[in-house]
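In our numbering, the protein residues as written are 3 to 673. Report on one structure; see the data block that follows.
Here you go:
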């Protein structure tokens, strides 16, 4: 008997037809909303999920009785949303599981599953090893007889698999009915299961021998002139039995038409037709056919000739930019300059801008406004934490579950060749001795090279020359020199208190009022209240926390209105701000107004803008030492020593007795 493992509750993914085995890594497509929610739930947790097959594939909303009792516990490795609304997922099976109970409700598929420990069965290991070797040899003979197209790597991997897992590996590769595969999955004893696989292989080989005998006999009875008709008729009969009467030919015709309609460059079109010709020769159910089909679908879905018409109306563009953002004049001026030159020249390579500045100053949202002003589609990718070059340039098609990189995916999502592409957090690229994704960005952001950009998955040239790239970074110090050299850096400094007041009045408070279901008759902010929030509850270069605090005030006002059911206008004053938000977290610094001997004020640069520094100096009897304490870096320490040396060298000019320096120690402290 198998060990009774503790039941677990995990997301449930019902499959219509496909049957997954432990140890297999398989891609599949998901279209039902509840299934997509199950994948999202798995990704949000530890990625664990239970995959089980439906008894009837036509059931749209299966309940517990519609599902087989044995499935596979595993992990979701990767999920990608496709333009048609479906999801492509990559799943890795780990062990068999028994379905104990389900919870099938709208937007939620959950299952109580008990894992099966197959090591607990009483088996003869020596006998099992011999059976596993027989299965390996029979399967290789079966592949040769059936002329099944399997790569050498897959066949070689069969020899590397542990003998206990041979049955599952072969079962996943066998082209047999779903009922037979489910029976193999439900056979929990490894010894019994291996014997079943052995029996299936023997039966398949007998069928092949019988088919060969019938074909030879039938072929001998017909003339050469009728041989083609016979083969075509046989193919139609096979497709009819499989329920695929006209589907393959119709699919090929659709792909052929899509290749023509895509208006690809000649070299790309030739490559697409070459792959389509390969696809026609393959079995529709083979894994290689699925790889080629996915590749062709990516090629025909790319916007090769689709462009959006640029808006070169400078007044309208300036109006849109001013509507969305206050200040940021340098960026607005640069965009208007680009539009002016492009309107005269007709076509111009887009500038590659890099907006740098502290968080919350509007770098990301500004890119959306630029796209709106130009009349272009907008798409965003984030490079924060990206550590693999393949995430930018794609994986080669030889890898299981391979997909194009982020650049090509974003162009496809934009549905045009000239979008505004925001590359967010470019300074957060992960660099190591093994991989340097910033090197892959060199070709993307080089106007002299990106017109022949090659993604590893597509393996054909795609021009990025018409794309307007806008990158964002908090600091250029973390960007490599060659990459920084390819970008036009525009620094966005933090906002002053007057600018924050204007932004909060014109943008933030109306947006938060609308978000919380309020209007101006129900809630108004006095300028003094906004100033109090800005000075007492936030200390930042941008306005992100300021908007959060305004939203917090709105929530508390809404809660009060719902409780009291009052309909009068609430006016937010500094007093009400203190009541709602509590004690101010920051206080205005008045230390610069005090003049004291031995105390001086300094100015330090921080991520929030700037900060006043109190520098204290004390004299004491000693031997001329300089003591430096506090938060002083190397440069500040050297500056203090240089200042002391300057005073000593000019002591006579400054009216200081030189003997004092040999009898006195100087202590400089920065709190």
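Virtual Cβ for every residue (Gly too), placed ideally from N, Cα, C.
Rounded distance between the beta-carbons of residue j and residue i, thought under 8 Å
i	j	result
residue 163	residue 182	Going by Cβ atoms, the distance from residue 163 to residue 182 rounds to 21 Å, so no, they are not a contact pair.
residue 579	residue 555	7 Å
residue 425	residue 383	6 Å
residue 31	residue 88	5 Å
residue 185	residue 130	19 Å between Cβ atoms; not a contact.
residue 286	residue 114	Not a contact, Cβ separation roughly 37 Å.
residue 422	residue 492	About 15 Å; that fails the 8 Å criterion.
residue 447	residue 494	Contact flag wrong, Cβ pair sits at about 19 Å.
residue 626	residue 663	5 Å
residue 604	residue 618	Not confirmed; about 11 Å, so no contact.
residue 23	residue 99	Contact doesn't hold; Cβ gap of about 12 Å is too wide.
residue 519	residue 361	Going by Cβ atoms, the distance from residue 519 to residue 361 rounds to 28 Å, so no, they are not a contact pair.
residue 13	residue 90	Between residue 90 and residue 13 the Cβ distance is about 17 Å, and since that is not below 8 Å, they are no contact.
For residue i, the nearest candidate out of the options (CA to CA)
i	options	result
residue 509	546, 343, 496 and 313	546
residue 208	168, 36, 143 and 665	143
residue 167	395, 191, 154 and 185	191
residue 68	101, 84 and 78	101
residue 369	323, 361, 343 and 386	323
residue 525	571, 476 and 266	571
residue 536	199, 522, 552 and 521	552
residue 583	439, 557, 512 and 567	557
residue 443	421, 460, 541 and 466	466
residue 440	672, 427 and 665	427
residue 616	664, 670, 624 and 321	670
residue 25	169, 58, 269 and 309	169
residue 614	57, 389 and 673	673
residue 585	50, 603, 628 and 540	540
residue 264	282, 289, 299 and 279	299
residue 279	270, 646, 254 and 297	254
residue 288	174, 117, 487 and 38	174
residue 293	645, 189 and 399	399
residue 171	312, 180 and 159	159
Whether residue i touches residue j by CB criterion (9 Å)
i	j	result
residue 55	residue 97	no
residue 187	residue 76	no
residue 27	residue 120	no
residue 414	residue 85	yes
residue 341	residue 376	yes
residue 412	residue 305	no
residue 403	residue 432	no
residue 420	residue 372	no
residue 478	residue 358	yes
residue 437	residue 391	yes
residue 395	residue 457	yes
residue 81	residue 42	yes
residue 257	residue 302	yes
residue 459	residue 397	yes
residue 528	residue 576	yes
residue 379	residue 416	yes
residue 630	residue 489	no
residue 44	residue 110	no
residue 176	residue 210	no
residue 49	residue 15	no
residue 606	residue 542	no
residue 668	residue 632	no
residue 462	residue 270	yes
According to DSSP, residues forming a beta bridge with residue i
i	result
residue 340	None; residue 340 has no bridge partner.
residue 474	357
residue 117	99
residue 667	622
residue 492	357
residue 693	Limits of the chain in this structure are 3 at one end and 673 at the other, which puts residue 693 out of reach.
residue 13	112
residue 104	113
residue 456	463
residue 383	425
residue 93	28 and 78
Checklist entry - Which runs of the beta strand (DSSP E), 3 residues or longer, sit entirely within the region 24-91? => result 27-32, 50-55 and 72-83
Item to check | Complete runs of the alpha helix (DSSP H) confined to the region 134-172 [at least 4 residues] | outcome: Counting whole runs of 4 or more residues, the region 134-172 contains the alpha helix (DSSP H) stretches 154-162.
Checklist entry - Which residue spans inside the region 572-648 form an unbroken beta strand (DSSP E) run of at least 3? => result 572-574, 601-608, 611-623 and 628-632
Checklist entry - Counting only runs that start and end within the region 300-381, where is the beta strand (DSSP E) found for 3 or more residues in a row? => result 355-358
Item to check | Ordered list of alpha helix (DSSP H) runs contained in the region 497-535, each at least 4 residues | outcome: Unbroken alpha helix (DSSP H) stretches of 4 residues or longer found wholly inside the region 497-535: 499-505 and 511-517, given in chain order.
Item to check | Within the region 391-451, ranges of the alpha helix (DSSP H) (whole runs, at least 4 residues) | outcome: 392-395, 408-416 and 439-446
Checklist entry - Can you give, in chain order, each stretch of the alpha helix (DSSP H) that sits fully within the region 533-572 and has at least 4 residues? => result Secondary structure remark: continuous alpha helix (DSSP H) runs of at least 4 residues inside the region 533-572, in chain order: 546-566.
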